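Inspection log for the structure reproduced underneath, given as structure tokens.
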Amino acid sequence: MSNLETGQDEIKEIAKRIETSQNEDAIALLRNFHTQIDSKTEVLNRRLFNAETDIQKLEK
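For the sequence shown, the numbering used here begins at 281 and goes up steadily by one.
This is how it looks when you write it as structure tokens:
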């Protein structure tokens with residue numbers, strides 16, 4: 281194999297690793313966003329429940 285072919289193979293391998301890494305990073309970010317959204321939704325639901333409970337108490 282010539283130096284040029286060896287260099288091309290190395291570049292292809294590096295590009296493949298970068299692509300794989302980027303996909304894994306994107307998946308990790310999406311999972312993190314999902315977790316944060318679930319957490320914030322849970323907090324908002326709890327606040328809404330408490331507000332509804334207080335409103336019902338005032339109506340009685």
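By construction, the Cβ of each residue, glycine as well, lies at the ideal position given by its N, Cα and C atoms.
The structure displayed is predicted, hence computed values, not measured ones.
Backbone secondary structure at residue i - three-state DSSP
| i | result |
| --- | --- |
| residue 340 | coil |
| residue 319 | helix |
| residue 282 | coil |
Cut-off 8 angstroms between Cβ atoms - residues of its own chain near residue i, not counting five sequence neighbours on either side
| i | result |
| --- | --- |
| residue 319 | none |
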